[in-house]
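Participant:
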Amino acid sequence: MSFVRTRTAEADTMVNCDGARTTKWHTPRSGDSVLEIQTYPDPSKMTETHFSILRPPKHWHWLQEELFVVTQGSFIFTLNGKETKISATDPSPRVSITPGSPHTFNPDPAYKGPCVIEISAKTSPLSSETTATDLGVSERFFRNLYSYLDDCTRQNVSPSLPQLLLFLDSAEVSLAWDIGPRWLMHYLSWGLGVVVGRWIGGGLLGYKASYPEYYNPDLDETKKGK
0 MSFVRTRTAE ADTMVNCDGA RTTKWHTPRS GDSVLEIQTY PDPSKMTETH
50 FSILRPPKHW HWLQEELFVV TQGSFIFTLN GKETKISATD PSPRVSITPG
100 SPHTFNPDPA YKGPCVIEIS AKTSPLSSET TATDLGVSER FFRNLYSYLD
150 DCTRQNVSPS LPQLLLFLDS AEVSLAWDIG PRWLMHYLSW GLGVVVGRWI
200 GGGLLGYKAS YPEYYNPDLD ETKKGK
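Heads up: the sequence shown begins at 0 in numbering that gives the first Met the number 0, then just goes up one per residue.
1) For H58, tell me which candidate among S123, Q71, G179 and T77 has the shortest Cα-Cα distance.
2) Compute the beta-carbon to beta-carbon distance between L53 and R20, rounded to the nearest angstrom, for a pair I have assumed lies under 8 Å.
3) Identify whether S1 lies in helix, strand or coil by the three-state DSSP scheme.
4) Going by CA-CA distance only, name the one from T103, Q71 and R142 that's closest to Y110.
5) Take the Cβ of G112 as the centre, count every other Cβ of all protein chains shown within 10 Å, and call the residue buried at 16 or more, exposed below.
6) Could you tell me which residues DSSP puts in a beta bridge with Y39?
7) Between G99 and V156, what straight-line distance do the alpha-carbon atoms span, to the nearest angstrom?
8) Which residue comes first and which comes last in the alpha helix (DSSP H) that contains T48?
9) Excluding the 5 residues preceding and the 5 following L165 in the sequence, name in chain order all residues of the same chain whose CB lies nearer than 7 Å to its CB.
10) Just list the residues that DSSP pairs V194 with in beta bridges.
11) Under 8 Å: do the stretch 0-17 and the stretch 136-147 share three or more Cβ pairs, one atom per stretch?
12) Short of 6 Å in beta carbon distance, which residues of its chain neighbour I96, apart from the five on each side in sequence? Order them along the chain.
13) How would you label H60, buried or exposed, when you count the other beta carbons within 10 angstroms and need 16 or more for buried?
14) Roughly how many angstroms separate the alpha carbons of P161 and H185, rounded to a whole number?
15) Take K81 as the anchor and find which of V94, A87 and T88 has the nearest alpha-carbon.
16) Could you compute how far the alpha carbon of T35 sits from the alpha carbon of V69?
17) Along the chain, where does the beta strand (DSSP E) that runs through R20 open and close?
18) Measure the alpha-carbon distance for E171 versus K23 and round it to whole angstroms.
19) Nearest CA to the CA of I118: which residue from S1, S32, L191 and N15?
20) Let me make sure I understand the geometry here. Which of I75, S29, D41 and S43 has the alpha-carbon closest to that of P55?
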């Protein structure tokens, strides 16, 4: 049976893992490429499977600066090998991620009640009208990745590594490993994305960095001020 992609491109709010998380996109602030609000209704009721699907793999951004603001509940961040809990009641419930910094995050599994986080990212310095890194690249990436992983779960199919790496590579993102010098790991993980994601996944296997079922660029035009 061939893989079936669920049409989610027109959905204003995306629901993942049977409601364990909802994601809504808003018009980005000036200079940003995305403004995304994630809501986890009750992390204490999420299963380990939910966390394994919804927790991003540890990764780093080539050029983009990323900002997380916890507006409700509590989240756990792993940044540069250090784990920190950030709550909405903290004096500064913000985490800024500089390019090249390995990181991941998830809602606090001990927190009972809604956890809400705002995610924004600066527009890439490579951004132009003729590159993939335009204003919609972050939303395109998230919509494709989240929808694809949900479809894999529904169809009991293991996600394809070349497909995942192609998604990441197209958004100027690479996986991160805590072994060896960081500069070497950056080169190796970037190369993995290029060879396995871009060349094998996109070139030989015919995978795409974006699918019309998951992302409709025409709906994003209003966010570009056109």
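Even for Gly, the Cβ is constructed at its ideal location relative to N, Cα and C.
Facilitator: With the given structure in hand:
1) In the sequence shown, the residue the question calls residue 58 occupies position 59. Considering only alpha carbons, the answer is T77.
2) By one-based count along the sequence shown, residue 53 stands at place 54. By one-based count along the sequence shown, residue 20 stands at place 21. The Cβ separation is near 5 Å, so the contact holds.
3) By 1-based counting over the sequence shown, the position of residue 1 is 2. S1 falls in the coil class under three-state DSSP.
4) Stepping through the sequence shown from its first residue, residue 110 is reached at position 111. Measuring C-alpha to C-alpha distances from Y110 to each of T103, Q71 and R142 identifies Q71 as the nearest.
5) To locate residue 112, count along the sequence shown from 1; it is residue 113. Exposed, by the Cβ-count rule.
6) Working through the sequence shown from its first residue, we reach residue 39 at position 40. For Y39, which the question treats as bridged, DSSP gives the partners C114.
7) On the sequence shown, position 100 is the one that residue 99 refers to. On the sequence shown, position 157 is the one that residue 156 refers to. Within the model, the alpha-carbon separation for G99 versus V156 is close to 31 Å.
8) Counted from its first residue, the sequence shown places residue 48 at position 49. T48 -> alpha helix (DSSP H) spans E47 to L53.
9) Locating residue 165 in the sequence shown gives position 166, counting from the first residue. Only G196, R197, G200, G201, Y206 and A208 meet the Cβ criterion.
10) What you label residue 194 is simply residue 195 of the sequence shown in a count that begins at 1. In DSSP, V194 forms no bridge with anything.
11) Touching, yes.
12) Residue numbering aside, residue 96 sits at position 97 when the sequence shown is read from its first letter. Around I96, the same chain offers E65 and H102 as residues with beta carbons nearer than 6 Å, after the five sequence neighbours per side are excluded.
13) One-based indexing of the sequence shown puts residue 60 at position 61. H60 is buried by the Cβ-count criterion.
14) The residue labelled residue 161 in the question sits at position 162 within the sequence shown. The residue labelled residue 185 in the question sits at position 186 within the sequence shown. So the alpha carbons of these two residues sit roughly 18 Å apart.
15) As a working note, residue 81 is residue 82 in the sequence shown. Comparing alpha-carbon positions, the option among V94, A87 and T88 lying closest to K81 turns out to be V94.
16) In the sequence shown, residue 35 corresponds to position 36, counting from 1. In the sequence shown, residue 69 corresponds to position 70, counting from 1. A quick correction: the sequence has Glu, not Thr, at residue 35. Approximately 12 Å between the Cα atoms of the pair.
17) Working through the sequence shown from its first residue, we reach residue 20 at position 21. Start and end: R20 to H25.
18) For the purposes of this step, residue 171 is identified with residue 172 of the sequence shown, where counting begins at 1. For the purposes of this step, residue 23 is identified with residue 24 of the sequence shown, where counting begins at 1. Straight-line Cα distance between these residues: approximately 22 Å.
19) Your numbering for residue 118 matches position 119 in the sequence shown. Nearest C-alpha to I118: S32.
20) Counted from its first residue, the sequence shown places residue 55 at position 56. Nearest of I75, S29, D41 and S43 to P55, Cα basis: I75.
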